[in-house]
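Numbering (the numbering used here), first residue to last: 254 to 730.
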């Protein structure tokens, strides 16, 4: 008899269950009666198996593995012979589970991972509560510190920041009145309903606040975690899910001397669509989804049990730009066009110089050239990222000609939500939004200021930068 342990749903003997519910039933505690922090730890039960003194309930202290032990008591797994685990439990958590089943329940079981149930050239993502795993054929296994919790938390914080801006409510006043945490939790709850497809509105009746959330807004609001990287992009280090995956594809090629080209891609879990979208930008393949319990019925197709582990670390610092360019002999639109065509570094200085001096017809020609540069530029080399950086900086300082303004907005929308862009470029984008806020209503760029405020909340930046972002975000609407 085979079982699957995963988040949020597990399965045994054809029945689905949730481990947190089994644990609470065993210890006689009602879920609604426990504090929020305890609920988070219960939801992250599988992620905390290695942690000692993981949870306090009443006067009892539980290690992480104790929670699983209590949860499994009611199952009476006396006929358990095989167990399927998410990839993110590879390593020590697997050892703890194996020892628990052997010593407590007298069961010596054969353990498989999710990727063992798919062909060797498959890419398998398993979305947990606080972390996810990405298997490249069972050879390279990424442990990514992004899970369902982080997506809901990010989106809820974004909705809160937009609520503050749109309603005119004061952050400081809400905090003083003890309402800030309550409203923020409300936004997280509303955000979860939107992400899980249960609603398309945010309702905060006590502030007479109600608005519709379009699918595109939810997608863009998650980009600080999901990313917008594509294969071929220049990535010095990962900053989000997609850049971590692309970076690992490069590493796979270096380590195994071959490109990883999946024939099948599967995402397992509950909140899967953000990962599906990120994967579809990288691979020209359909992506299938599973809840998890289906794995108990699937046959083993990949016998590999030895994977190289890659623990992805997402930094709390922001990417900065360090581009050095020589002074040009001439600063004109023609010189810029030639420098960009030849992909010369001096073109950066030409952009910088023209942004200060161009006027009249030259300003129009310069703006048109910047639009063309952005259209023809990708994230595939450091130089192209630098051209994007300088072009956006120039556009933020200038007043684009009226007839070219829609084209400028279109190009800025295309790159604004790629968080591999240097932070000073993001600040220039923010200044552009602030300077043209009335004209940006109804465009994708209206999502950018409140999302920037969400993005910086755990980042190491100066107090001046933080205050500028907050000022723009809270006054945009």
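Positions of the beta carbon are idealized from the N, C-alpha and C atoms, including for glycine.
Treat the numbers as computed from the prediction; the structure is a model and nothing was measured.
- Query: Alpha carbon to alpha carbon, how far is residue 354 from residue 710?
  - Reply: 42 Å
- Task: Buried or exposed for residue 324, please, with buried defined as at least 16 other CB atoms from any protein chain shown within 10 angstroms of its CB.
- Result: buried
- Query: From which residue to which residue does the beta strand (DSSP E) around residue 256 run?
  - Reply: 255-257
- May I ask you to verify whether the region 654-664 touches the region 574-593, counting CB pairs closer than 8 Å and requiring at least 3? no
- Nearest CA to the CA of residue 561: which residue from 509, 576 and 333? Closest option to residue 561, Cα to Cα, is 509.
- Message: Please classify residue 415 as buried or exposed, where buried requires at least 16 neighbouring CB atoms within 10 angstroms.
- Response: buried
- Message: Looking only at its chain, what residues have a beta carbon closer than 7 Å to the beta carbon of residue 385, apart from the 5 residues adjacent to it on each side?
- Response: 341, 378, 379, 397, 399 and 400
- Message: Alpha carbons only, please: which of 607, 265 and 707 is nearest the one belonging to residue 643?
- Response: Of the candidates 607, 265 and 707, the residue whose Cα lies closest to the Cα of residue 643 is 607.
- Considering only C-alpha positions, which residue in the set 610, 635 and 645 is nearest to residue 625? 645
- Task: Could you tell me the distance, in whole angstroms, from the CA atom of residue 498 to the CA atom of residue 610?
- Result: 42 Å
- Query: What whole-angstrom Cβ distance do residue 388 and residue 376 have, given they're in contact under 8 Å?
  - Reply: Indeed, because the Cβ distance is near 7 Å, the residues count as touching under 8 Å.
- Message: For residue 345, which residues in the same chain have their Cβ closer than 7 Å to its Cβ, ignoring the five residues on either side in sequence?
- Response: 303
- Query: Leaving out the 5 sequence neighbours to the left and right, which residues in its chain are closer than 8 Å to residue 279 when beta-carbon positions are compared?
  - Reply: So the list reads 323, 324, 326 and 327, once near-sequence residues are dropped.
- Item | Boundaries of the beta strand (DSSP E) in which residue 376 is found, first to last residue | 375-380
- Under three-state DSSP, which class holds residue 315? strand
- Query: From the DSSP output, which residues share a beta bridge with residue 523?
  - Reply: None; residue 523 has no bridge partner.
- Which of helix, strand or coil DSSP assigns to residue 404: helix
- So, do the region 472-480 and the region 548-561 have three or more beta carbon pairs nearer to each other than 8 Å? no
- Message: Extract the residue ranges of the beta strand (DSSP E) inside the region 379-457, only unbroken runs of 3 or more that lie entirely within it.
- Response: 385-389, 393-397 and 454-457
- Member of 275, 338 and 292 whose CA lies at the smallest distance from the CA of residue 257: 338
- Can you list, in chain order, the residues of its chain whose CB lies under 6 Å from that of residue 413, leaving out five sequence neighbours each side? 437 and 440
- Three CB pairs or more closer than 8 Å across the region 293-301 and the region 265-276: yes
- Query: Taking the beta strand (DSSP E) that residue 657 falls in, what are its first and last residues?
  - Reply: Premise fails: residue 657 is in no beta strand (DSSP E) and is neither H nor E.
- Using alpha carbons as the reference points, say which of 467, 410, 430 and 429 lies closest to residue 442. 410
- If we ignore side chains and look at the alpha-carbon of each, how far apart do residue 349 and residue 319 end up? 10 Å
- Let me know the secondary structure DSSP gives residue 666 once reduced to three states. Of the three classes helix, strand and coil, the one that applies to residue 666 here is helix, per DSSP.
- In this structure, does DSSP put residue 517 in helix, strand or coil? strand
- Task: Tell me, to the nearest whole angstrom, how far the beta carbon of residue 480 is from that of residue 633; I am working on the premise that it is less than 8 Å.
- Result: Contact flag wrong, Cβ pair sits at about 15 Å.
- Item | For residue 702 and residue 725, believed in contact at Cβ under 8 Å, the rounded distance | In this structure, residue 725 and residue 702 form a Cβ contact; the two beta carbons are roughly 5 Å apart against a cut-off of 8 Å.
- residue 332, buried or exposed, once every other Cβ within 10 Å from all chains shown has been counted against 16: exposed
- Item | Residue span of the alpha helix (DSSP H) that contains residue 621, given as start and end | Unbroken alpha helix (DSSP H) run through residue 621: 613-628.
- Message: Helix, strand or coil for residue 268? Go by DSSP, reduced to three states.
- Response: strand
- Assuming residue 553 and residue 365 make a contact with CB atoms under 8 Å, what is their CB distance in whole Å? In this structure residue 553 touches residue 365 by the C-beta definition: roughly 6 Å separates them, less than 8 Å.
- Whole runs of the beta strand (DSSP E) within the region 463-550, excluding any shorter than 3 residues: 517-521 and 540-543
- Counting only the same chain and skipping the five closest in sequence on each side, list residues whose C-beta sits under 7 Å from that of residue 603. 581, 584, 588, 589 and 592
- Identify the continuous alpha helix (DSSP H) that holds residue 706 and give its terminal residues. Per DSSP, residue 706 is one residue of the alpha helix (DSSP H) stretching across 701-708.
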